[in-house]
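Q: There's a structure below that I have some questions on.
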Amino acid sequence: MDFKTKMATPQVSQFWVEMSGILKMALVSFAIAAFALWLAVPDLGGFGYILLFSECVGVGIIMIRTLLLCLPWLHTTKPLLALILTMVVALPGGYLVGHIFASALVFEPMHISGSGPTKMVPYLATALTGILLLYFLWSREQFSKEASARLVAQHLASESQLRLLRAQIEPHMLFNTLANLRLLVEEDPIQAQLMIDQLIIYLRSALTASRTELIKLCDEFSQLRAYLEIMSLRMGPRLSFELTLPDSLQYATVPSMLLQPLIENAIKHGAEPKIGHSSIEVIARQTETGIEISVSDTGLGLAPDFDYREPSSSSYGLLHVRERLLKTYGPNASLSITRNAPQGVCSTVKIPQ
C-alpha cells in the first residue's frame, strides 16, 4: 500500500461512516412518514407497500443530495442558497427515482401518486419529510463547520498567546547575560569567552526549538545545560547544577522550551536573591503513567503567600508551562509546585504516556 492509499483510506472510511448515519436517519424519517400515510390514506395500499415506496424515495433523495455535494460550485455558493438548490433538485428527483425503483421491485407499472382527491397527499408527505430531513442535515453541517472554525481560531489564539509568553520570558535572561558579559570582557576575558561560547550554544538551540512544537528530551536538556552554564559563569560559586536524564528517555519528545521557564524561575526567585550557595537539580524519570520531570532548587523560594496551585497572571513562566501542557496533552498533563526541603521550590511536570 503506497502513501496516497494510506492517506485516502481513513477519508473513505469516514465518508461511509457518515453516509451510513445519514441513510439510517432517512430510513427512520420516511418510515414514520409511511406510517402516517398509511393511517391518513388507507386507499394507497397496505403498510408494507407504502413503506417500500416511501423508503425508496428517501434513499433516492439522499443519493441525489450526495451527488450534488460533489459539485465544487455548490460549496462556494451561499449556504442558504445551496440548501434551496439542493431541495429543488433532490426532492422531485428523489421522488421520481424512488418510484421507478420501487415499481420495479413490485413488478408493476410506475405511477407517481394515487388517484382521486387524495392524490396530492403523497407529494405533500414526501415534500414535508424531505424538507425537514435536508434542513436538519444542512443545519448539522453548518454547526460542524462553525465548530471547526472555532477550533482553528482557538488554536491560532493559543499559538499567539504562547508566543507572547515566550517573548516575555527570554529577554530577562538575554539582557542580564549581555550586561554581565560587558563587564567580563574587560575584567576576565577568558570567562567572557566561555560565556560567549555557551551563549552561542544556547541561542542556536533556542532558535531551533522555536521552529518546532516538539523536541527530543536530550536536546531540551542540552539547551538547559547551556543556559545553566551561562548562569553559573555569571553567579560563580553561588550556583551549582546537576542534570539527570536516563538513556531510555533521551529520544522522548516534549514541547520545545517547556522546562526553560522553570529554570528561570528557580534562578530569578531562588538563587539570585539568596545570599550564599544555591543548587538546581533537574531529573527526568519514567513512571507507570508517563514521564515525570522535576526541577528543584535550594534557593530562597517563593513568597509565603504565593498560591502554588493558581499562580497570578504575572507568573509568566508557570503560566507558559501550564498552557503548553494543556495545549499538547490536554488535562492529563500537569505542573505541580511544592516547597522544597529544607529550602527552595520543586516544580514537577507530569506528561502522560
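First residue of the sequence shown? That's 1 in UniProt numbering, and the numbers climb one at a time after it.
For glycine and all other residues, C-beta sits at the position ideal for the given N, C-alpha and C.
These numbers were taken from a predicted model, which means no experiment stands behind them.
For residue 216, list the residues DSSP reports as bridge partners.
A: According to DSSP, residue 216 bridges with 253.
Q: If you count every other CB in all the chains shown that lies within 10 Å of the CB of residue 55, and 16 or more means buried, which is it?
A: Buried is the call here.
Q: Would you kindly check if the distance between the Cβ of residue 217 and the Cβ of residue 254 is under 8 angstroms?
A: Contact: yes.
Q: Would you tell me roughly how many angstroms separate the C-alpha atoms of residue 274 and residue 252, rounded to the nearest one?
A: Computed Cα separation, rounded: 34 angstroms.
Q: According to DSSP, is residue 346 part of a helix, a strand, or is it coil?
A: Strand at residue 346.
Q: Do residue 30 and residue 58 have their C-beta atoms within less than 8 angstroms of each other?
A: Going by C-beta atoms, residue 30 is nearer than 8 angstroms to residue 58.
Q: Looking at C-alpha atoms only, which residue of 96, 300 and 199 is the closest neighbour of residue 270?
A: Comparing Cα positions, the closest option is 300.
Q: Select from 268, 334 and 245 the residue whose C-alpha is nearest the C-alpha of residue 289.
A: It is 334.
Q: If we count the other Cβ atoms within 10 Å of its Cβ and call it buried at 16 or more, is residue 33 buried or exposed?
A: That one is buried.
Q: Per DSSP, which residues does residue 241 bridge with? Please list them.
A: According to DSSP, residue 241 bridges with 280.
Q: For the beta strand (DSSP E) containing residue 290, list its first residue and its last residue.
A: 290-297 is the extent of the beta strand (DSSP E) around residue 290.
Q: Terminal residues of the continuous alpha helix (DSSP H) containing residue 66?
A: Residues 47-69.
Q: On the criterion of 16 or more Cβ atoms from any shown chain inside 10 Å, does residue 14 qualify as buried, or is it exposed?
A: Result: exposed.
Q: Between residue 94 and residue 50, which are expected to be in contact by the criterion C-beta below 8 angstroms, what is the C-beta distance as a whole number of angstroms?
A: Wrong, their Cβ atoms sit about 16 angstroms apart, outside the cutoff.
Q: Quick one: any contact between the stretch 34-43 and the stretch 77-89, if contact means 3 or more CB pairs under 8 angstroms?
A: With a cut-off of 8 angstroms, the stretch 77-89 and the stretch 34-43 do not count as touching, because too few Cβ pairs lie within range.
Q: Quick one: Cα of residue 108 to Cα of residue 132, how far?
A: Their Cα atoms are separated by approximately 30 angstroms.
Q: Taking 8 angstroms as the cut-off, decide whether the C-beta atoms of residue 205 and residue 222 are in contact.
A: Yes, the Cβ-Cβ distance between residue 205 and residue 222 is below 8 angstroms.
Q: Express the C-alpha separation of residue 146 and residue 28 in angstroms, rounding to a whole number.
A: About 27 angstroms.
Q: From residue 297 to residue 139, what distance separates their C-alpha atoms?
A: Approximately 56 angstroms, taken between the alpha carbons.
Q: So who's on the other strand from residue 337, going by DSSP bridges?
A: Beta-bridge pairing links residue 337 to 347.
Q: If I'm right that residue 224 touches residue 263 with Cβ under 8 angstroms, what's the distance once you round it to whole angstroms?
A: That pair is a contact at about 6 angstroms.
Q: In the DSSP assignment, find the alpha helix (DSSP H) that holds residue 269 and state where it starts and stops.
A: Neither: residue 269 is in no alpha helix (DSSP H) and is coded neither H nor E.
Q: Are the Cβ atoms of residue 258 and residue 324 separated by less than 8 angstroms?
A: Cβ atoms of residue 258 and residue 324: closer than 8 angstroms.
Q: Taking all protein chains shown into account, decide if residue 88 is buried (16 or more other Cβ within 10 angstroms of its Cβ) or exposed.
A: It counts as exposed.
Q: Using a 10 Å radius around the Cβ and a threshold of 16 neighbouring Cβ atoms, would you call residue 250 buried or exposed?
A: Exposed.
Q: What's the gap between the Cα of residue 70 and the Cα of residue 332?
A: So the alpha carbons of these two residues sit roughly 40 angstroms apart.
Q: Run through DSSP, which three-state label would residue 286 get?
A: Looking at residue 286 - three-state DSSP - the assignment turns out to be strand.
Q: Can you find the residues in the same chain that come closer than 6 angstroms, C-beta to C-beta, to residue 338, ignoring five residues on each side of it along the sequence?
A: Same-chain partners within the cutoff: 346.
Q: Measure the beta-carbon distance from residue 102 to residue 52 and round it to whole angstroms, keeping in mind my assumption that it falls under 8 angstroms.
A: Yes, residue 102 and residue 52 are in contact; Cβ-Cβ is about 5 angstroms, under 8 angstroms.
Q: Between which residues of its own chain and residue 126 is the CB-CB distance below 6 angstroms, once the five residues before and five after are set aside?
A: Taken in chain order, the residues that qualify are 57 and 95.
Q: Taking only the alpha-carbon atoms, compute the straight-line gap between residue 293 and residue 207 and give it to the nearest angstrom.
A: Approximately 23 angstroms between the Cα atoms of the pair.
Q: Which residue comes first and which comes last in the alpha helix (DSSP H) that contains residue 76?
A: It spans 72-76 - the alpha helix (DSSP H) in which residue 76 sits, taken as one unbroken run.
Q: By the three-class DSSP mapping on this structure, what secondary structure does residue 352 have?
A: Correct three-state label for residue 352: strand.
Q: Taking only the alpha-carbon atoms, compute the straight-line gap between residue 91 and residue 151 and give it to the nearest angstrom.
A: Their backbone Cα atoms lie some 34 angstroms apart in a straight line.
Q: Mark residue 136 as exposed unless 16 or more other C-beta atoms lie within 10 angstroms of its C-beta, in which case mark it buried.
A: Residue 136 comes out exposed.
Q: Quick check on DSSP: helix, strand or coil for residue 186?
A: Three-state DSSP puts residue 186 in a helix.
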